[in-house]
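Single-structure report; data block below.
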Amino acid sequence: MVSEILPDVFWVGAVDWDIRRFHGHELSTNRGTSYNAYLIRDRQTALIDTVGEPFADRLLENIRAVIDPARIDFVVVNHAEPDHAGALGEVMRHAPQATLVVSPRGAESVSGHHHQPWPFRTVRTGERIALGRSELAFIEAPMLHWPDSMFTYVTDRKLLLPNDAFGQHYATDGRFNDQVDRHALYHEALKYYANILTPFSPLVLRKIQEVLALGLPVDMIAPSHGIIWREDPLQIVRAYQEWAEQKPERRAVVLYDTMWGATRRMAEAIGDGLNAERVPFQALHLAATDRNEVLTEVFRAGAVVVGSSTINQGVLGSVTVLLEDLAHLKFRIPIGAAFGSYGWGGESARIIQERLKACGMETPVEPLRVKWQPRAKDLEACRELGRHVGMAVKAL
Ligand code: FEO
Numbered sequence: 014m015v016s017e018i019l020p021d022v023f024w025v026g027a028v029d030w031d032i033r034r035f036h037g038h039e040l041s042t043n044r045g046t047s048y049n050a051y052l053i054r055d056r057q058t059a060l061i062d063t064v065g066e067p068f069a070d071r072l073l074e075n076i077r078a079v080i081d082p083a084r085i086d087f088v089v090v091n092h093a094e095p096d097h098a099g100a101l102g103e104v105m106r107h108a109p110q111a112t113l114v115v116s117p118r119g120a121e122s123v124s125g126h127h128h129q130p131w132p133f134r135t136v137r138t139g140e141r142i143a144l145g146r147s148e149l150a151f152i153e154a155p156m157l158h159w160p161d162s163m164f165t166y167v168t169d170r171k172l173l174l175p176n177d178a179f180g181q182h183y184a185t186d187g188r189f190n191d192q193v194d195r196h197a198l199y200h201e202a203l204k205y206y207a208n209i210l211t212p213f214s215p216l217v218l219r220k221i222q223e224v225l226a227l228g229l230p231v232d233m234i235a236p237s238h239g240i241i242w243r244e245d246p247l248q249i250v251r252a253y254q255e256w257a258e259q260k261p262e263r264r265a266v267v268l269y270d271t272m273w274g275a276t277r278r279m280a281e282a283i284g285d286g287l288n289a290e291r292v293p294f295q296a297l298h299l300a301a302t303d304r305n306e307v308l309t310e311v312f313r314a315g316a317v318v319v320g321s322s323t324i325n326q327g328v329l330g331s332v333t334v335l336l337e338d339l340a341h342l343k344f345r346i347p348i349g350a351a352f353g354s355y356g357w358g359g360e361s362a363r364i365i366q367e368r369l370k371a372c373g374m375e376t377p378v379e380p381l382r383v384k385w386q387p388r389a390k391d392l393e394a395c396r397e398l399g400r401h402v403g404m405a406v407k408a409l
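Our numbering puts the sequence shown at residues 14 to 409.
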């Protein structure tokens, strides 16, 4: 259903209540998502972003509730990933006079996805298009989160349309941040940041500084997923600044996978050691926990303690995935420690320790390994490891 979010500015997107996996199977979307497209009606009309291809009919129906799609003059593609530009083919079929407005890299990504001879107008930071009363001003935002990404600002509405930035995978009946559960909203916003934007944190900080320096008044921030920030819209900008700094918190996460329970018993004893130092921690069984929720918990932790049984002279599959994620998401976790049980070879703890070091973590204790099931002295060694890590976290 169409919502007029500001005078003559309409949300014409689609809510996807069903989706549970995103980016193929990379990202869990346990609360669904929305694909937010915005129509600005003026002397000339602009559509900012579209929706995923399966929702093209919904988008066109919403546009028709406002104007005939053939009257659209500009279709701005802030970012060409198919959740936002998938419906472009249908839109351009119904709006054949429209000019596509893209960033320089957007021309490349739109062409690469659609292979159509559409007329492009390429815009750079600072360029404007006058619609009538409103102007669209463009700000390139490369790597937030693709090279083609850009923000569109609607001058007289003081409205920032930053596409994926400041978004959340959160399907809800409310359109605005003051209409939804704040805890769920911030959980999804943080999960989005931790899983998608963390590697680009230095660019996030620079881009926020650049946009703030432009001195543009902002009354509303309307991303392309989830709710629109209407009440104190800059709160999410402040949150992004805090998240992008990745300042570690004085807490730990114990992450493990286990074949016959020995590594789990080690994890529990390590938790006892952290408890003894009064360092809050969360213990998560990697194979039994949503990968993206794990990464959200890991984001900004002061320490990660990672354990695996040894299998085939290596680590269990879920631990392999975690170690890859820690490396490629460029989390800045200051302290790491490794542990694991084994029956014959016993390589897992050492492998984990090396990988944590390669991620830039300090490893204040030697990797701890236990043969077969832990005895009382082994569990005491685990508690000792937990206490050491706890002391290191408290010293942050
Ligand atoms: Fe980068 Fe929502 O797509």
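For every residue, glycine included, the Cβ atom is placed at its ideal position computed from N, Cα and C.
- Taking the C-beta atoms as reference points, E66 is found nearer than 8 angstroms to P95.
- With fewer than 16 other Cβ atoms inside 10 Å of its own Cβ, R137 counts as exposed.
- The region 61–76 and the region 86–104 touch, with three or more beta-carbon pairs separated by less than 8 angstroms.
- Classified as buried, P175 has 16 or more neighbouring CB atoms from the shown chains inside 10 Å of its CB.
- When DSSP states are grouped into helix, strand and coil, K390 belongs to the helix group.
- Its chain contains S354, Y355, G356 and G359 as the residues whose beta carbon lies nearer than 8 angstroms to that of K384, once the 5 sequence neighbours on both sides are disregarded; these appear in chain order.
- Ordered along the chain, residues surrounding the ligand FEO are E94, D96 and D177 [Cβ under 5 angstroms from any heavy atom].
- The closest CA to that of R34, considering only V25, G26 and R44, is found on R44.
- In the assembly as shown, Q366 is a buried residue. Its beta-carbon has 16 or more other beta-carbons within 10 Å.
- Counting C-beta pairs with one atom in each stretch, the region 282–289 and the region 397–405 have three or more that are closer than 8 angstroms, which means they touch.
- Per DSSP, reduced to three states, the secondary structure at K171 is coil, with no helix or strand assignment.
- Runs of the alpha helix (DSSP H) spanning 4 or more residues and lying entirely within the region 214–291 occur at 214–227, 248–258 and 275–289, in chain order.
- In the three-state reduction of the DSSP assignment, L19 falls in the strand class.
- Segment contact: the region 290–297 against the region 320–334, fewer than three CB-CB distances shorter than 8 angstroms; contact not assigned.
- Closest in alpha carbon position to A197, among A184, A207, N208 and G349, is A184.
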